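Reviewing the structure listed below.
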């Protein structure tokens with residue numbers, strides 16, 4: 007921020023925003039009343055501040071006829087690139103040293119997407135259950151940089167054209183963009199779309215809100231001191247309320263996000279040097295951390311990710327130590343990298359862009375190595391490759407084959423026609439059939455049930471969501487010889503299952519229906535086992551490794567056996583011994599399950615072969631096995 011536009015309270019607000027984000031990611035709580043569950047709104051505050059600061063400079067330069075797009079992007083490059091390059095380079099060193107191949111490959115993809123300011127698209131496409139936990143992704147926070155830079159590609163062009171041809175329409179046009187973007191954000195967030203969180207169209211309204219602050223301030227409207235004090239204090243209260251009262255599960259960004267955004271706007275518009283709030287936000291501690299806030303933001307995620315990858319960071323003292331370390335390293339990077347990089351007298355443009363280009367080429371090379379080598383997979387024995395994939399790669403295997411036969415019409419062959427219905431556990435069953443050669447005797451079709459459709463499981467409207475008419479689904483069911491319903495069963499589902507067998511509405515397929523139970527293995531990458539621990543085990547140790555089943559699953563499984571008898575296949579009985587202990591590795595020392603629930607390729611084959619001995623499978627599908 008130039009001296010002309012410098013405000014201590016804005017730096018103080020930056021500090022509040024960045025600490026909210028850091029405390030949220032560290033899961034820091036002070037007693038039961040102070041939980042930073044909504045700390046993620048710090049990014050929303052940053053967006054508003056960024057829109058305000060950039061537009062203040064641009065508007066002023068245009069009015070003075072000093073604005074240059076070249077200079078605009080030069081300032082952005084000097085502001086963003088040095089720390090990004092340093093964080094990217096050091097994160098690469100730690101990733102190549104610490105990460106297993108699957109995770110290293112994902113990191114490399116995230117690094118190269120960050121280089122080209124498209125990491126928001128990458129993380130949008132790589133978010134969900136079948137992907138690595140966000141806390142283990144060193145560069146996931148760069149999505150917000152990508153959003154900002156994408157916005158600033160368009161912003162100066164829009165402003166230049168507007169000032170030249172329709173200056174009076176700038177405010178109405180910005181208001182239209184804000185309203186449309188906000189409505190879109192709320193709709194998409196309410197529908198559970200990850201894109202609403204990561205993409206520019208649903209985040210633009212927050213940056214525009216900052217621009218509107220600039221427009222309002224330029225009008226120099228008089229406001230009484232008491233009104234300024236009240237409204238700016240209300241603004242801070244809105245932000246603090248959001249930090250402590252918001253939850254991850256809410257529809258964000260959306261209408262609810264107006265609270266922290268309006269709070270930020272109130273502070274920007276109404277706070278000034280004469281107010282008590284200015285003194286609070288402008289205290290030395292907050293201003294100091296506000297000045298280094300970009301470095302704090304860039305360093306916090308990789309440090310948390312690498313520490314979380316290697317150990318648990320649950321203790322309060324450990325978390326506080328991390329914060330002090332973050333402040334220290336951020337100060338150093340601010341003083342010796344950020345500040346010099348912004349000063350043309352210290353580093354002229356020619357040297358700056360020569361060094362920057364060289365560093366970016368190096369980062370691209372590092373990223374390419376990680377991607378093309380599949381995370382240096384060849385450095386490990388082939389028999390261990392099944393242990394080296396990441397959650398995304400395992401997940402891709404789970405859903406890939408079933409997706410190819412979703413709502414597949416049956417042909418006129420003599421093969422038995424089988425439809426599998428359910429959630430991701432049904433996809434595991436499909437894979438088990440395929441890996442063990444069942445397709446030579448049966449014809450498969452799959453119908454997935456979304457999470458929202460589990461209650462009740464067999465709502466006809468829900469089942470027909472992807473079909474032109476309900477009759478299409480009934481036709482598929484009527485043609486099927488056997489119907490498998492495979493789910494992650496819980497007590498809440500059993501009433502719905504009773505409904506299937508008791509109500510006339512479901513007679514058209516209940517006679518053909520076979521229920522397939524849930525399964526459970528030891529969860530790797532958690533407290534007891536990590537993939538690195540398992541890699542150290544020799545084959546005999548792997549074969550002797552037994553895993554536990556939860557009491558809840560045992561209860562539900564036993565209840566389903568009792569209630570549905572020969573309509574139920576117990577996977578616990580098939581996969582586990584009489585003591586309800588299950589193997590984590592098959593006979594060839596291959597990993598059976600990567601997350602305690604879903605099968606690897608080896609695990610799918612393992613179940614498929616065991617199912618061939620199951621009485622129900624032999625009777626319903628192929629007695630010759």
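In my numbering, the protein residues as written are 7 to 631. Ideal Cβ placement from N, Cα and C applies to all residues, glycine included. Just so we're clear, the structure is a prediction, and the values are computed from it rather than from any experiment.
Got a sec? Which residues, its chain only, sit under 7 angstroms from residue 451 by beta carbon, not counting five neighbours each side?
Counting only Cβ-Cβ distances below 7 angstroms, and skipping sequence neighbours, we find 411, 413, 414, 416, 425, 482.
First and last residue of the beta strand (DSSP E) that includes residue 59?
Careful: residue 59 lies outside any beta strand (DSSP E), inside the alpha helix (DSSP H) at 48–69.
What did DSSP end up calling residue 347 once you bin it into helix, strand or coil?
In the structure shown, the three-state DSSP call for residue 347 is helix.
Using a Cβ-Cβ cutoff of less than 6 angstroms, which residues in the same chain neighbour residue 86 once the five nearest sequence positions on both sides are dropped?
Within the same chain, residue 86 has no close Cβ partners at all.
Please confirm whether residue 597 and residue 606 have their CB atoms less than 7 angstroms apart.
yes
Would DSSP call residue 415 helix, strand or coil?
If DSSP states are grouped into helix, strand and coil, residue 415 belongs with coil.
Alpha carbon to alpha carbon, how far is residue 603 from residue 527?
6 angstroms
So, residue 493 versus residue 570, is the Cβ gap smaller than 7 angstroms?
no
Excluding five sequence neighbours on each side, which residues of the same chain lie with their C-beta closer than 7 angstroms to the C-beta of residue 220?
58, 61, 62, 65
Should residue 206 and residue 131 be called a contact, given that it needs their Cβ atoms to be closer than 7 angstroms?
no
Express the C-alpha separation of residue 146 and residue 474 in angstroms, rounding to a whole number.
With a pLDDT of 46 at residue 474, under the threshold of 50, the predicted position of this residue should be treated as unreliable, and no value is reported.
Since residue 451 sits in a beta bridge, which residues does DSSP pair it with?
Note: residue 451 sits in a beta bridge opposite 425.
Give a yes or no on whether the C-beta atoms belonging to residue 88 and residue 347 are separated by under 7 angstroms.
yes
Using only the alpha-carbon positions, how far apart do residue 84 and residue 293 sit?
21 angstroms
At 4 residues or longer, what runs of the alpha helix (DSSP H) sit wholly inside the segment 350–392?
355–378
If you follow the alpha helix (DSSP H) that residue 551 is in, where does it begin and where does it stop?
Counting along the chain, residue 551 falls outside any alpha helix (DSSP H), and DSSP gives it neither H nor E.
How would you write the range of the beta strand (DSSP E) that residue 28 sits in, first residue to last?
That residue, residue 28, is in no beta strand (DSSP E); its alpha helix (DSSP H) goes 14–32.
For residue 308, which residues in the same chain have their Cβ closer than 8 angstroms to its Cβ, ignoring the five residues on either side in sequence?
93, 96, 97, 100, 144, 145
According to DSSP, is residue 461 part of a helix, a strand, or is it coil?
Because the pLDDT of residue 461 is 46, which lies under 50, any placement of that residue in the model is unreliable, and the number read from its coordinates should be weighed accordingly. Annotated three-state conformation of residue 461 is coil, per DSSP.
Restricting to Cα atoms, I'd like to know which of 625, 196, 47, 116 is closest to residue 133.
116
Just grab the DSSP bridge partners of residue 597 for me.
In DSSP, residue 597 forms a bridge with 591.
Cutting at 7 angstroms between CB atoms, please list the residues of its own chain near residue 210, excluding the five before and the five after it.
157, 183, 187
Is residue 112 buried or exposed, if buried means 16 or more other CB atoms sit within 10 Å of its CB?
buried
Can you give me the Cβ contacts of residue 390 inside the same chain, cut-off strictly under 7 angstroms, excluding the 5 residues immediately before and after it?
Around residue 390: 541.
Between the alpha carbons of residue 273 and residue 241, how many angstroms are there, rounded?
6 angstroms
By Cβ distance, which residues of its chain are closer than 8 angstroms to residue 620, with the 5 residues on each side in sequence left out?
Here the set comprises 575, 580.
Exposed or buried, residue 284, counting other C-beta atoms within 10 Å across all chains shown (16 or more means buried)?
Label assigned to residue 284: buried.
Compute the distance between the beta-carbons of residue 248 and residue 47, then report whether it is under 7 angstroms.
Closer than 7 angstroms, so yes.
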